[in-house]
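Asks: Counting from 46, one number per residue, gives the positions in the sequence shown under this note's numbering.
If you scroll down you'll find the structure; I have some questions about it.
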Amino acid sequence: MASVKNLKKDINYTLGDIIEECYVWELLNPKEDTKKSQGLIDEAIVVFDELIDKLHAKNIENKRAHFKGISADLETKAKALVAKVNAL
């Protein structure tokens with residue numbers, strides 16, 4: 046991990062791409078119900094908030110391990126969200 050700044054960018058870009066993919070799906074499927082895609086967007090926003098809160102946590106003893114954990118958490122949650130987007 047190069048820096049906290051890059052981790053913030055990774056979180057923002059990854060979850061932003063997932064949200065964008067939900068909007069693209071809505072545009073390509075205008076006759077479909079958008080409740081599922083809107084639910085995924087809401088879920089991505091919640092994940093974003095959780096990860097940013099973890100990132101800004103104070104009193105961390107081992108910062109390197111903490112940030113690697115956040116990065117791993119981002120990867121697992123992003124994969125789960127992408128799987129849900131693909132299932133739409």
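C-beta: ideal position from N, C-alpha, C; glycine also.
Determine the closest residue to Asp87 out of Tyr68, Ala132 and Asn131, with distance taken between C-alpha atoms.
Replies: Taking only the C-alpha atoms, the option nearest Asp87 is Tyr68.
Asks: Assuming Leu133 contacts Ile115 under a Cβ cut-off of 8 Å, what Cβ separation, rounded to an integer in Å, is found between them?
Replies: Not really, about 27 Å apart at Cβ, beyond 8 Å.
Asks: Please confirm if the region 91 to 108 is in contact with the region 70 to 77, defined as three or more CB-CB distances below 8 Å between the two stretches.
Replies: They do not touch, by the three-pair rule.
Asks: Give a yes or no on whether the C-beta atoms belonging to Val92 and Ala117 are separated by under 9 Å.
Replies: No, Cβ-Cβ distance for Val92 and Ala117 is not below 9 Å.
Asks: Apart from the five residues just before and just after Leu52, which ones in its own chain have a Cβ nearer than 7 Å to its Cβ?
Replies: If we look at Leu52 and ignore the five residues flanking it on each side, its Cβ neighbours are Met46, Leu100, Phe112, Ile115 and Ser116.
Asks: Our contact map puts Leu96 next to Leu126 with C-beta atoms below 8 Å; I'd like the distance itself, whole angstroms only.
Replies: At roughly 12 Å, the Cβ-Cβ gap does not stay under 8 Å, so Leu96 and Leu126 are not in contact.
Asks: Using DSSP with H/G/I as helix, E/B as strand and the rest coil, what is Ser48?
Replies: Ser48 falls in the coil class under three-state DSSP.
Asks: From Glu65, Ser82 and Asp98, pick the residue whose C-alpha is nearest to that of Leu119; which is it?
Replies: Among Glu65, Ser82 and Asp98, the Cα nearest to that of Leu119 is on Asp98.
Asks: Using a threshold of 9 Å, state whether the C-beta atoms of Ile63 and Val130 are closer than that.
Replies: Yes, they are a contact pair.
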